[in-house]
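Contents: one structure, followed by commentary.
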Amino acid sequence: MNSTQEWQGVSWFEVDEHQAGQRIDNFLFSRLKGVPKSRVYRMIREGQVRINKKRIKAETRLVFADQIRVAPIRYRQTDESAVPVSDQVASGLLSRVIYEDEGLMVVNKPSGIAVHGGSGMAYGLIEALRIATAKPYLELIHRIDRDTSGLVMISKKRSTLKMLQDLLREHKISKTYAAIVKGQVSLDKQLIDAPLLRYELSNGERRVRVSRDGKDSKTQWNVAERFRHATLIHASPLSGRTHQIRVHGLSIGHPLVGDDKYGHQTEYRGSEARRLCLHAMRLEIPGYPVMEAPLPEDMQSLLAQLRAQSK
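Going by the numbering used here, the sequence shown opens with residue 62, and the numbers climb by one from there.
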């Protein structure tokens, strides 16, 4: 059965650091779910998609802070092509909303779900929430990795999106993560100051390494609890680089437990984890209450095992 779908009104997107360098057509494919690719290309050709008020081509590469305007869209969609979000998933995500007002929603994302679909994922957090809330305008304010759990900010209004992304760029939003790292970290507190450079593997996968040619990157590390084979730390990134906490941990010899990209070859004798042990635990936003998400059960269970091994 066919139905007419509509993206009502003009849609606006702002390019963040992680999206910079991506082609505009690929960017739109991941955000305009269900819209045929042929329709997306036609919109680009006809000037219905503009970047910074200028016409563009499908191969145009995005630049950080670009403003993307997409004209209203009407298209035909079959039921089979709808995003397959079950009622259980939808209700489960709604139960994880820890703060909501007229412009902002903050969700405690579980590990294992990407913040948006693409790269083999039928849907991500943002697509599922659009369906669960029946709100056509929900946009990610920032991103965390698929395997990272914890707090994600989502805008319900364009004005909120712009305001909070401006605060992020100005480093006025404080984010604190809990991480379980390999080995005993010796210093109670330390500022890791190491520039980070993004690069691509031969298969196109993006990675990050410490490099003189990289961008300025700083992370404050505070030890919360030490174990025989691991350490629980609270990390506050003072810059917003891709995989920053993970690569900074590796740079001082303490990669994260469960990280299959950085430091997995580093010796570790503690209990193993089934996923990356990184959790976005606290958000401090000017003008809002402090928001916190407790450690998920899998990380709490691992900590209990590490405590038992340390006796």
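Note that beta-carbon positions come from the ideal geometry of N, C-alpha and C, so glycine has one too.
When you compare the CB positions of residue i and residue j, do they come within less than 8 Å of one another, or not?
i    : j    : result
H315 : V246 : yes
L229 : G275 : no
L293 : A239 : yes
H79  : T237 : no
R207 : G173 : yes
V168 : I205 : no
L356 : H340 : yes
G319 : R343 : no
K217 : G164 : yes
L367 : T209 : no
G211 : A354 : yes
Of all the options the options, which has the alpha carbon lying nearest to the alpha carbon of residue i?
i    : options                   : result
H290 : H309, V318, Q305 and R330 : R330
P298 : F288, R287 and N283       : N283
L248 : L154, R287 and I205       : R287
L222 : L123, C338, Q128 and L339 : Q128
A195 : I241, L123 and D148       : D148
P256 : Q305, D86 and S263        : Q305
H203 : L367, G173 and I234       : I234
R157 : M352, R368 and Q366       : M352
A151 : Q251, T327, K114 and G185 : G185
T280 : D254, V318 and N264       : D254
E120 : P133, F90 and G95         : F90
A285 : I241, K322 and V213       : I241
E374 : E107, L317, V176 and D162 : Nothing can be reported for residue 374, as the shown portion of the chain is limited to 62 through 372.
R92  : T327, I134, E107 and Y323 : I134
L252 : M224, E328 and I313       : I313
Closer than 7 Å: is that where the CB of residue i sits relative to any heavy atom of the ligand ADP?
i    : result
P133 : No copy of the ligand ADP occurs in the structure displayed, which carries no ligand at all.
Counting C-beta neighbours from all protein chains within 10 Å, is the total for residue i 16 or more, i.e. buried, or is it exposed?
i    : result
R307 : buried
K170 : buried
F74  : buried
E266 : exposed
Q226 : buried
V76  : buried
K243 : buried
L199 : buried
F88  : buried
T139 : Residue confidence for T139 is low, a pLDDT of 38 falling below 50, so the modelled location carries little weight; the figure read from the coordinates is stated next. Looking at its Cβ environment, which holds fewer than 16 other Cβ atoms inside 10 Å, T139 is exposed.
V213 : buried
R103 : exposed
G82  : exposed
L201 : buried
S263 : exposed
A369 : exposed
In its own chain, which residues sit with a C-beta less than 7 Å from the C-beta of residue i, not counting the 5 before and 5 after it?
i    : result
K372 : none
E261 : R267
P347 : L228 and K233
R219 : W73
K98  : F90
N113 : D127 and Q128
V124 : V76 and A81
D277 : P256 and S300
Leaving out five residues before and five after residue i in sequence, what residues of the same chain have Cβ atoms less than 6 Å from its Cβ?
i    : result
S72  : V131
V269 : L257, R259, T303, H304 and V308
L155 : A193
E345 : S235 and V351
A296 : Y238, A240, T280, W282 and I306
V101 : L89
Q361 : none
If you drop the 5 nearest sequence neighbours on each side, which residues of the same chain put their C-beta closer than 8 Å to that of residue i?
i    : result
I373 : The requested residue 373 is not part of the displayed model; the chain covers only 62 to 372.
S272 : P256, L257 and L258
Y160 : M166, V167, Y349, P350 and M352
Are the C-beta of residue i and some C-beta of chain B separated by less than 8 Å?
i    : result
A126 : The displayed structure is made up of one protein chain only, and chain B is not part of it.
Open item on the list: Which complete alpha helix (DSSP H) runs does the region 300 to 362 hold, if anything under 4 residues is left out?
Closed with: 305 to 312
Open item on the list: What ranges does the beta strand (DSSP E) occupy inside the region 164 to 201, keeping only unbroken runs of at least 3 residues that lie completely in it?
Closed with: 165 to 170
Task: Sequence ranges, alpha helix (DSSP H) only - wholly within the region 210 to 295, length at least 4 - done: 219 to 230
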